[in-house]
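Going down the list, the protein sequences come from chains A and B. Residue numbers are given in our numbering: position 93 of the first sequence equals residue 93, and the series is strictly consecutive. Residue numbers are given in our numbering: position 63 of the second sequence equals residue 63, and the series is strictly consecutive. Beta carbons: idealized from backbone N, C-alpha and C, even for Gly. It should be emphasised that the depicted structure is a prediction, and the values quoted were computed from it without experimental measurement. To start, the structure itself, in structure tokens.
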Amino acid sequence: AQSVTQLDSHVSVSEGTPVLLRCNYSSSYSPSLFWYVQHPNKGLQLLLKYTSAATLVKGINGFEAEFKKSETSFHLTKPSAHMSDAAEYFCVVISYYDYKLSFGAGTTVTVRA
Amino acid sequence: GAVVSQHPSWVICKSGTSVKIECRSLDFQATTMFWYRQFPKQSLMLMATSNEGSKATYEQGVEKDKFLINHASLTLSTLTVTSAHPEDSSFYICSARDGAGDGYEQYFGPGTRLTVT
């Protein structure tokens, strides 16, 4: 079985400072991993995905994530937070067998002016 | 990019009535659609997997007779909440997998807010 663990339930940053959202995964084989963002009362938007190509993945809105097999991690970063980044972020792993997604518990990001 | 729509975006119904939520893939054929529910401040919980032309597969603990899923075409899946009760109030989100792509990406609908009074 595959799973992901988001290590922080809430992250608060000042506008213009870096953002780090931590995610560890558990999988018996090389996983495909995603980061999604959800703004209040909205659906999910894909930020980026890792599917066994380059370990450093660049996504939309300046986000990027690095797949580290040795650490079983897939942390999401952004060098400079913007007020519009305030949202809920989910780290997700997909099952190759039935394409089911397993979601982390989510990390709420607040951005201080 | 691929777009998935849901209708309605929000609905209020009385206890004991049934509500149907539609999920449509607008510009691709979705061989598989998934239905999730999300309680406030919580993550998404997979309810069921819907494959076109076959019966839905429900996750453990989800009542299949209460949450009826129909996937009659490659672009439409419906979730009907039967005999709704206040505890069914939630945010329901669907996603669709593009069978023509690499299969790993799912596209999410904007969600439907259900309130049962």
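Counted within 10 angstroms of its Cβ, other Cβ atoms place residue 64 of chain B as buried (16 or more) or exposed = exposed
ask   = chain B beta carbons: is any one of them nearer than 7 Å to that of residue 32 of chain A?
value = yes
Beta-carbon separation (whole angstroms), residue 19 of chain A vs residue 13 of chain A, contact threshold 8 Å = 5 Å
message = Less than 7 Å between the C-beta atoms of residue 108 of chain A and residue 21 of chain A, yes or no?
response = no
inquiry  = Using a Cβ-Cβ distance cut-off of 7 Å, determine whether residue 108 of chain B contacts chain A.
reply    = yes
query = residue 41 of chain A touches chain B at which residues, Cβ-Cβ below 8 Å?
reply = 91, 111, 113
message = To test your reading of the DSSP string, which unbroken beta strand (DSSP E) runs of 3 or more residues are found completely within the segment 12–76 of chain A?
response = 19–21, 23–26, 32–38, 44–50, 56–58, 64–68
query = chain A partners of residue 58 of chain B, CB-CB under 8 Å?
reply = By Cβ distance, chain A contributes nothing, its closest Cβ being about 12 Å from residue 58 of chain B, past 8 Å.
ask   = Looking at C-beta atoms only, is the number of pairs between the segment 14–27 of chain B and the segment 72–87 of chain B that lie closer than 8 Å three or more?
value = yes
CA-to-CA distance, residue 48 of chain A to residue 57 of chain A, given in whole angstroms = 7 Å
message = What are the residues in the segment 67–84 of chain B lying within 8 Å of chain A by C-beta distance?
response = none
task = Please classify residue 15 of chain B: does DSSP put it in a helix, a strand, or coil?
result = coil
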